[in-house]
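Remember, our numbering sits 86 above the position in the sequence shown when you count from 1.
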Amino acid sequence: MAKMQIAPSILSADFSIMGEEVKRIDKAGADLIHVDVMDGIFVPNLTFGAKMVKDIRHCTNKPLDVHLMIMNPRKYFADYAKAGADYITFHIEAEPNAVDALKDIKALGVKCGIAISPDTEIATIEEVIHLCDLVLVMSVYPGFGGQSFIGSVLPKVERLARLKKENNYKYIIEIDGGINSETVHKAKAAGVEVSVAGNAVFAPKDTAAAISDLQV
Ligand code: DX5
Ligand code: ZN
Numbered sequence: 087m088a089k090m091q092i093a094p095s096i097l098s099a100d101f102s103i104m105g106e107e108v109k110r111i112d113k114a115g116a117d118l119i120h121v122d123v124m125d126g127i128f129v130p131n132l133t134f135g136a137k138m139v140k141d142i143r144h145c146t147n148k149p150l151d152v153h154l155m156i157m158n159p160r161k162y163f164a165d166y167a168k169a170g171a172d173y174i175t176f177h178i179e180a181e182p183n184a185v186d187a188l189k190d191i192k193a194l195g196v197k198c199g200i201a202i203s204p205d206t207e208i209a210t211i212e213e214v215i216h217l218c219d220l221v222l223v224m225s226v227y228p229g230f231g232g233q234s235f236i237g238s239v240l241p242k243v244e245r246l247a248r249l250k251k252e253n254n255y256k257y258i259i260e261i262d263g264g265i266n267s268e269t270v271h272k273a274k275a276a277g278v279e280v281s282v283a284g285n286a287v288f289a290p291k292d293t294a295a296a297i298s299d300l301q302v
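Structure below.
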């Protein structure tokens, strides 16, 4: 079985030296760079926009995994594509017309993903997952880093893994929120392929060791 890939979330980085932080996690072994975009409306917190993606694009060749926690995401896909995103993921709770949204992202030459919050069931996306390059299962309520892992979302991961296998779907299964050296094993056992990690990567002094601990 392939190793768990780790996508450090720059939400937990020092924003005053973001370029250096991105270079540092790249060197320390990050597989992707996770970019949490929040609008203060879909979620209570506010972070940054496409300009951040454009600027950090010069600091790494690793895939930029953009997680849009914003209302009306379709309005902004082109900005993130132009800025250099490799994956653009929107929330089904913010954009019910998933088919068109996924096609929009594809048409921009970017890989497309759908995210579901902890209370959202797989049934709401099951009809469209065959169009996805990535499906992101939130294991905390979106909005803030450093929250505790919600283990009750794992059956959704198991279902995605089963559907993927049965139908030969190509999407990557990603989990986001509360991942650390303990919870990552539960995620792995359920079928997660990419884990986002904020605190678990940025809090320890030795970033390379922290990332390699999670690459189980
Ligand atoms: C939450 C974000 C997550 C979060 C992960 O809204 O999407 O990416 O920052 O941070 P940790 O790993 O600290 O829970
Ligand atoms: Zn995220």
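C-beta: ideal position from N, C-alpha, C; glycine also.
Taking 7 Å as the cut-off, one finds no heavy atom of the ligand ZN near enough to the beta carbon of serine 234.
Here tyrosine 255 really is in contact with histidine 216; their C-beta atoms are around 6 Å apart, less than 8 Å. Beta-bridge partners of proline 94 (DSSP): Ala283.
When DSSP reads this structure, lysine 197 sits in a beta bridge with Tyr173. In the same chain as lysine 109, and ignoring 5 residues on each side of it, the C-beta atoms closer than 8 Å to its own belong to Cys145, Thr146, in chain order. Across the structure, lysine 291 and lysine 192 are spaced so that their CA atoms are roughly 39 Å apart.
Using a cutoff of 7 Å, the CB of serine 95 counts as near the ligand ZN, since one of the ligand's heavy atoms is closer than that. For glutamine 91, the CB contacts under 6 Å within the same chain, skipping 5 residues up- and downstream, are Asp117, Val280 in chain order. For glutamate 106, DSSP assigns no beta-bridge partner whatsoever.
Around the beta-carbon of glycine 229, 16 or more other beta-carbon atoms lie within 10 Å, marking it buried. Only residues of its own chain outside the window of five on either side were considered, and among them Ile174, Asp190, Ile191, Leu194 have a CB closer than 7 Å to the CB of phenylalanine 163, listed in chain order. In the three-state DSSP reduction, valine 121 falls in the strand class (E or B).
Using a 10 angstroms sphere on the CB of methionine 87, the tally of other CB atoms stays under 16, which defines it as exposed.
Taking a contact as a CB-CB distance under 8 Å, the pair isoleucine 265 and phenylalanine 288 does not count as one, their CB atoms being some 12 Å apart. With a threshold of 7 Å, the Cβ atom of glycine 231 counts as near the ligand DX5, since some heavy atom of the ligand is closer than that. Residues of the same chain with a CB within less than 8 Å of the CB of alanine 167, apart from the 5 flanking positions on each side, are Ile174, Ile191, Leu194, Gly195, Val196 in chain order. Taking a 10 Å sphere around the C-beta of isoleucine 103, we find fewer than 16 other C-beta atoms and assign the residue as exposed. For aspartate 151, the enclosing beta strand (DSSP E) covers residues 150-155.
DSSP, reduced to helix, strand and coil, places glutamate 252 within a helical segment of the structure shown.
Cβ contact annotation for glycine 232 (same chain, cutoff 8 Å, sequence separation greater than five): Ser98, Gly284, Asn285, in chain order.
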